[in-house]
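Below is one structure, written out as C-alpha cells; the observations come after it.
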Amino acid sequence: MQGTGVDQVVAVVTFYGLRVLGGIAILIIGWMVARWLAGFTRRQLAKSDAIDATLTSFISDLVKYLVLAFVGIAVLNQLGVQTTSLIAIFGAAGLAIGLALQGTLSDIAAGVMLLIFRPISIGQYVEAGGKAGTVKELSLFTTELATPDNVQIILPNSSIWGAAITNYSYHKTRRADWTIGISYGDDISKAFDTARKVLSKEARILPDPEPALMVSELADSSVNITIRAWVNADDFWSVKFDLSKSFKEAFDESGLVIPFPQRDVHIIQKSE
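The working numbering applies: residue 102 is where the sequence shown begins, and numbers increase by one.
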C-alpha cells in the first residue's frame, strides 16, 4: 500500500513536472521566435524608403506581442488550463476596450495610413484638419504643426486623414501670380513690357515654364493684368513679396497709373 502511494505521488509529480517543463520550453522557444520575427520584420521594413521609422518600430513590436500572446495561450494549454473560456473573456474585454478607445484607435489607424502613404512629411508646409502650418512631428496619435508665427498646433491624426490635405511643399516648383490694375487710358503693351523687364532682372524666376502675361479682367476702375511666373517652392514667398514691390516701382517709373476704386457722386438739390 505504501509503495502504491509513493508510485502515485511520483506519477503525479512526473505528469505535472513534464507539463511544467513543456510549458517552460514553449515559453523560451516562443520568446526566441517572437524576438527573431520582430527583428526580421524591422530589418525588412527598414529596407523600404516608403515606410517611416516610427511605423517600422510599431509594426515590429506588434508582431512580437502577437506572437507572445499565442505563446501565452499555448503555455496555459500545456499546463492544463482551459483556454477556450479564457479566450472568450479576453475577446469580450478587447471589444469593450476597443469601444472605449474608439477615438484613439481611429487616430492610430489614421497615423499608420499617414506614415505609409506619406501625404505630408516633416518640414513641409501644409493645410490639414482645418489648420495650416509646417509639419514638425508626425506620430501614431497626433501631428504637430507650427504656424508661420511659430504657434504650436496639435492635431489628432483622424482629423487629418479624414479631410482634404493641401500640401504646399510637395512639388519642387510653384507658380506665383500677381494681378495689377492699370488705368483705361494706359497702354497695355507698355505695361506688359515693363512687367517683362522686372521679371528678366529676377534670377529666381524659372525660365521653364516661361512667364505669362494676360489681361484678366476689365474691371470697373481698371484694366487688370495678371502676371504668372514659376519659382522654386522655397523661394515662393520671398519672390512674391519682392516682385510686388518691384512691379509698383517699375510701373511708377514708366508713368503707368495703378488706379483705385472711384465713385462719381451726383448731388441733386430740390428748390423749395
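Ideal placement from N, C-alpha and C gives every residue a C-beta, glycine not left out.
It should be emphasised that the depicted structure is a prediction, and the values quoted were computed from it without experimental measurement.
Quick check: the Cα distance between S322 and A233, rounded to an integer number of angstroms? Locating residue 322 in the sequence shown gives position 221, where the first residue counts as 1. Locating residue 233 in the sequence shown gives position 132, where the first residue counts as 1. So the two alpha carbons sit approximately 35 Å from each other.
Within 10 angstroms of its Cβ, does I223 collect 16 or more other Cβ (buried), or is it exposed? Counting from 1 along the sequence shown, the entry for residue 223 is found at position 122. Burial call: exposed.
Out of curiosity, what's the CA-to-CA distance linking G286 and F293? To locate residue 286, count along the sequence shown from 1; it is residue 185. To locate residue 293, count along the sequence shown from 1; it is residue 192. Spanning the two alpha carbons is a distance of roughly 15 Å.
Meets three-Cβ-pair contact criterion under 8 Å: the region 263-279 and the region 244-254: no
Provide the residue span of the alpha helix (DSSP H) that contains I261, from first to last. Reading the sequence shown from its first residue, position 160 is the one you call residue 261. That run of the alpha helix (DSSP H) goes N258 to W262.
Among T295, W331 and T327, whose alpha-carbon lies nearest the alpha-carbon of E311? Sequence index remark: in the sequence shown, residue 311 carries index 210 (1-based). Answer by Cα proximity: W331.
For the alpha helix (DSSP H) that contains A351, what are its first and last residues? As a position in the sequence shown, residue 351 is number 250, starting the count at 1. Residues F337 to E354.
Excluding the five sequence neighbours on either side, which residues of its own chain have a C-beta within less than 8 Å of the C-beta of L307, listed in chain order? Counting from 1 along the sequence shown, the entry for residue 307 is found at position 206. So the list reads T274, A330, W331, V332 and N333, once near-sequence residues are dropped.
Suppose you measure from the CA of I255 to the CA of Y269; what does that come to, to the nearest Å? Counting from one through the sequence shown, the residue named residue 255 turns up at place 154. Counting from one through the sequence shown, the residue named residue 269 turns up at place 168. When rounded, the distance between both Cα atoms is 19 Å.
In this structure, what does DSSP give as the bridge partners for R275? If you number the sequence shown from 1, residue 275 lands on position 174. Its beta-bridge partners are V332.
Out of V176, F337 and S290, which has the shortest C-alpha to C-alpha gap to Y226? Stepping through the sequence shown from its first residue, residue 226 is reached at position 125. With distances taken between Cα atoms, Y226 lies closest to F337.
By DSSP's criteria, A229 is part of a beta bridge. Which residues make up the other side? As a position in the sequence shown, residue 229 is number 128, starting the count at 1. DSSP, once it has assigned bridges, lists K232 and I266 as partnering A229.
Just how far apart, CA to CA, sit K349 and F342? Taking the first residue of the sequence shown as 1, we reach residue 349 at position 248. Taking the first residue of the sequence shown as 1, we reach residue 342 at position 241. When rounded, the distance between both Cα atoms is 11 Å.
Based on the DSSP secondary-structure assignment, which residues constitute the bridge partners of E318? Taking the sequence shown and counting its residues from 1, the one referred to as residue 318 is at position 217. BP columns for E318 point to N325.
With a threshold of 6 Å on Cβ separation, who are the neighbours of I209 within its own chain once the five nearest residues in sequence on each side are excluded? The residue you call residue 209 lines up with position 108 of the sequence shown. These residues qualify, in order along the chain: L241.
Rounding to the nearest angstrom, what Cα-Cα distance links W262 and S161 in this structure? Counting from one through the sequence shown, the residue named residue 262 turns up at place 161. Counting from one through the sequence shown, the residue named residue 161 turns up at place 60. Near 23 Å, if we compare the C-alpha coordinates of S161 and W262.
Decide if S301 is buried, meaning its Cβ has at least 16 other Cβ atoms within 10 Å, or exposed. Stepping through the sequence shown from its first residue, residue 301 is reached at position 200. Looking at its Cβ environment, which holds fewer than 16 other Cβ atoms inside 10 Å, S301 is exposed.
Between G230 and A264, which are expected to be in contact by the criterion C-beta below 8 Å, what is the C-beta distance as a whole number of angstroms? Locating residue 230 in the sequence shown gives position 129, counting from the first residue. Locating residue 264 in the sequence shown gives position 163, counting from the first residue. Yes, they are in contact, since the Cβ atoms of G230 and A264 sit about 6 Å apart, within 8 Å.
To the nearest angstrom, how far is the alpha carbon of I359 from that of I328? Position 258 of the sequence shown holds residue 359. Position 227 of the sequence shown holds residue 328. If you take the alpha carbons of I359 and I328, they lie about 15 Å apart.
Whole-angstrom distance between V299 and L344, CA atom to CA atom: Position 243 of the sequence shown, counted from the first residue, corresponds to residue 344. Position 198 of the sequence shown, counted from the first residue, corresponds to residue 299. In a straight line, the C-alpha of L344 is about 8 Å away from that of V299.
For K237, name the three-state secondary structure that DSSP assigns. Translated into positions along the sequence shown, residue 237 becomes position 136. In this structure, K237 counts as strand in the three-state DSSP scheme.
Work out the CA separation of E238 and R120 for me, nearest whole Å. Here residue 120 is taken as the residue at index 19 of the sequence shown, counted from 1. Here residue 238 is taken as the residue at index 137 of the sequence shown, counted from 1. Using only the alpha carbons, I get a separation of about 50 Å.
What span of residues does the beta strand (DSSP E) with A296 cover, start to end? For the purposes of this step, residue 296 is identified with residue 195 of the sequence shown, where counting begins at 1. Looking at the DSSP string, A296 is not in any beta strand (DSSP E); the run it does join, the alpha helix (DSSP H), is I289 to K302.
Assuming L357 and I283 form a contact by the criterion Cβ under 8 Å, report the distance between their Cβ atoms to the nearest whole angstrom. Taking the sequence shown and counting its residues from 1, the one referred to as residue 357 is at position 256. Taking the sequence shown and counting its residues from 1, the one referred to as residue 283 is at position 182. Sure, about 5 Å apart at Cβ, within 8 Å.
Could you tell me the distance, in whole angstroms, from the CA atom of Q253 to the CA atom of F218? To locate residue 253, count along the sequence shown from 1; it is residue 152. To locate residue 218, count along the sequence shown from 1; it is residue 117. Rounded to the nearest angstrom, the two C-alpha atoms are 24 Å apart.
Could you please give me the residues that DSSP links to I283 through a beta bridge? As a position in the sequence shown, residue 283 is number 182, starting the count at 1. Per DSSP, V324.
When you compare only the Cα positions, how much space is there between V168 and G140? Stepping through the sequence shown from its first residue, residue 168 is reached at position 67. Stepping through the sequence shown from its first residue, residue 140 is reached at position 39. Approximately 13 Å between the Cα atoms of the pair.
DSSP state of I127, grouped into three classes? By 1-based counting over the sequence shown, the position of residue 127 is 26. I127 falls in the helix class under three-state DSSP.
Is it buried or exposed, F352, if we count other Cβ atoms within 10 angstroms and call 16 or more buried? As a working note, residue 352 is residue 251 in the sequence shown. Per the 10 Å Cβ criterion, buried.
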